[in-house]
Amino acid sequence: MSQEKRPAAQHLSTRLIHAGTTTDPATGSVNVPIYQTSTYRQVEVGRTVSGWEYSRTGNPTRAALESLIADLEGGVVGFAFGSGMAAITAVLSLLSQGDEVIIPTNVYGGTYRVLDKVFNHFGITYRMVDTTQPYEFEHAIGPRTRAVLVESPANPLMSVTHLAAIADVAREHNVLSVVDNTFMTPWLQRPLELGADIVLHSATKYLGGHSDVVAGLVVVSTSELADRLAFIQNSTGGVLGPQDSFLLVRGIKTLGVRMDRHVENAQYIAEALARNPEVSAVHYPGLPDDPGYEVQRRQASGAGAMISFELAPGHDYRAFFRSTRLVALAESLGGVESLVCHPATMTHAAIHAEVREKVGITDGLIRLSVGIEDKDDILADVEGAITASREA
């Protein structure tokens, strides 16, 4: 699909709406059309009507989304996949048999699972390191280390990694640096600008924003990585369909206003939970006493909207989950509605129990995805459930 000339836009809030392919040149539609087609007519062997040939290889609606996320993250090329895990799988497929990838001790359970149960079978191994300490990461690099994949803030303990420091160490040792930016989005943090080689998202979360699409996005910093990942995307075929690509483009248009409200609400609730004597610990990098507070302030423009906390002794976390009314107990995060989950049995159940306990993912840990409802309504529901969880 040919692109109309777009107005020059320096501010991210404007680029959220106008980057990528905007006005359809054929009809003047102000929204990217949904090109619901699997194939495209060829006028002769080797020559198509408009450059498109097969929708696994490329689709105009998906291409608009890929152009949009590349612009927002400041990368060379973007790629859209059928889920966040499909995106992670494609990036890990850049590795070869015998290679090792370093991951944080505090990592999303799905990332751990695909490495531990899938890529291990192909001779690609992993090592878990506390990446919040760059010197520990550097010390862990061995002759087989080819990549480091970090999250910041990390799921579910919200630990903060100094992304520029990790990228510098990785570059010095010829190690690929990959950052999962799902919790922050490019609205709050842009890892490629901090030196990372690849940034990825579970776009199911804040980028979509409405809990109605499952998708993954990747942006790379060099043409060489773009060529390699394009080959993997086309060869393995885990691409995002045009309908979901359309929904993501639509969702991203309101990312800025949504994230501002998410962050405002989360800061308010985290501060209230920190004052609550029935809460023994709050993990949120927007609190001044959080270990990652200063690094978060330097590398991002906000602390995000994910909070995890632990109830004080004498409370039953099961009763807490039974007692919420507004906030739903559910997998996922990043939608306009607030959600809670139990990481030990939900998002991080794939991680061995001894590993979870060692890093602090205890049975009593509760993760809260703060939505954009009225902040006092969210807080009242959470605090009411905390009170209801008191053991007799």
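Each residue of the sequence shown is one higher than the one before, counting from 0 in numbering that gives the first Met the number 0. Even glycine gets a Cβ: it sits at the ideal position worked out from N, Cα and C. None of these values were measured; they are calculated from a predicted model.
**Report entry** Between the CA atoms of ALA229 and PHE78 - distance to the nearest angstrom
**Finding:** Position 79 of the sequence shown, counting from 1, holds the residue named residue 78. Position 230 of the sequence shown, counting from 1, holds the residue named residue 229. Rounded to the nearest angstrom, the two C-alpha atoms are 8 Å apart.
Query raised in the report: How many Å lie between GLU3 and ASP23 at the Cα?
Result: Position 4 of the sequence shown, counted from the start, is the residue given in the question as residue 3. Position 24 of the sequence shown, counted from the start, is the residue given in the question as residue 23. Per-residue confidence for GLU3 stands at a pLDDT of 44, beneath the threshold of 50, marking its modelled position as unreliable; the derived number appears in the next sentence. About 7 Å.
Requested in this report: Figure out for me which residue from LYS116, ILE87, VAL128 has the closest Cα to the Cα of ILE101.
Outcome: Numbered from its first residue, the sequence shown carries residue 101 at position 102. Cα-wise, what sits closest to ILE101 is VAL128.
**Report entry** Residue span of the beta strand (DSSP E) that contains HIS17, given as start and end
**Finding:** Position 18 of the sequence shown, counting from 1, holds the residue named residue 17. Unbroken run through HIS17 is the alpha helix (DSSP H), 11-17; no beta strand (DSSP E).
Query - Counted within 10 angstroms of its Cβ, other Cβ atoms place SER279 as buried (16 or more) or exposed - result: Here residue 279 corresponds to residue number 280 of the sequence shown, with the count starting at 1. Flag for SER279 reads exposed.
Query raised in the report: When the Cα atoms are used, what is the spatial distance from GLU150 to ALA195?
Result: One-based indexing of the sequence shown puts residue 150 at position 151. One-based indexing of the sequence shown puts residue 195 at position 196. In a straight line, the C-alpha of GLU150 is about 12 Å away from that of ALA195.
Query raised in the report: Is it true that the CB of LEU199 sits closer than 8 Å to the CB of GLY215?
Result: Numbered from its first residue, the sequence shown carries residue 215 at position 216. Numbered from its first residue, the sequence shown carries residue 199 at position 200. Yes, these two residues count as a Cβ contact at 8 Å.
Report task. Return the first residue and the last residue of the beta strand (DSSP E) that GLN41 is part of. Result -> Taking the first residue of the sequence shown as 1, we reach residue 41 at position 42. Counting along the chain, the beta strand (DSSP E) containing GLN41 begins and ends at 41-43.
Query raised in the report: Using the beta-carbon count (16 or more within 10 Å), is ALA225 buried or exposed?
Result: Taking the first residue of the sequence shown as 1, we reach residue 225 at position 226. Flag for ALA225 reads buried.
Report task. State the CB to CB distance for the pair THR203 and SER331, rounded to an integer number of angstroms; the pair is presumed to be in contact (CB under 8 Å). Result -> As a working note, residue 203 is residue 204 in the sequence shown. As a working note, residue 331 is residue 332 in the sequence shown. Right, the Cβ-Cβ distance comes to about 6 Å (below 8 Å), so this counts as a contact.
Query raised in the report: Apart from the five residues on each side of it in sequence, which residues of its chain come closer than 6 Å, Cβ to Cβ, to LEU328?
Result: Counting from one through the sequence shown, the residue named residue 328 turns up at place 329. Correct list, in chain order: PHE320, VAL339.
Query raised in the report: Which whole runs of the alpha helix (DSSP H) in the segment 162-203 are 4 residues long or more, in chain order?
Result: 162-171, 184-187
Query raised in the report: Are there 16 or more other CB atoms within 10 angstroms of the CB of THR160, so buried, or fewer, so exposed?
Result: Taking the sequence shown and counting its residues from 1, one reaches residue 160 at position 161. When all chains shown are included, THR160 counts as buried.
Requested in this report: Quick one: residues in its chain with C-beta nearer than 6 Å to the C-beta of GLN394, no 5 flanking neighbours on either side, listed in chain order?
Outcome: The structure shown has nothing for residue 394, since the chain only spans 0 to 391.
Query raised in the report: How long is the line joining the alpha carbons of PRO185 and ASP179, rounded to whole angstroms?
Result: Start at 1 with the first residue of the sequence shown, and residue 185 comes out as number 186. Start at 1 with the first residue of the sequence shown, and residue 179 comes out as number 180. Each residue's alpha carbon lies about 11 Å from the other.
Query raised in the report: Exposed or buried, VAL117, counting other C-beta atoms within 10 Å across all chains shown (16 or more means buried)?
Result: As a working mapping, residue 117 is identified with position 118 in the sequence shown. VAL117 comes out exposed.
Requested in this report: Classify VAL29 as buried or exposed, calling it buried when 16 or more other Cβ atoms lie within 10 Å of its own Cβ.
Outcome: As a first step, residue 29 must be located in the sequence shown, where it is residue number 30. Burial call: exposed.
Requested in this report: On a CA-only basis, which of VAL213, LEU191, LEU272 is nearest ALA299? Give me that one, please.
Outcome: Numbered from its first residue, the sequence shown carries residue 299 at position 300. Minimum Cα distance to ALA299 is reached at LEU191.
Report task. May I ask you to verify whether the segment 267-279 touches the segment 30-39, counting CB pairs closer than 8 Å and requiring at least 3? Result -> no
Query raised in the report: Is THR56 helix, strand or coil when you go by DSSP?
Result: As a first step, residue 56 must be located in the sequence shown, where it is residue number 57. Here THR56 sits in coil by DSSP.
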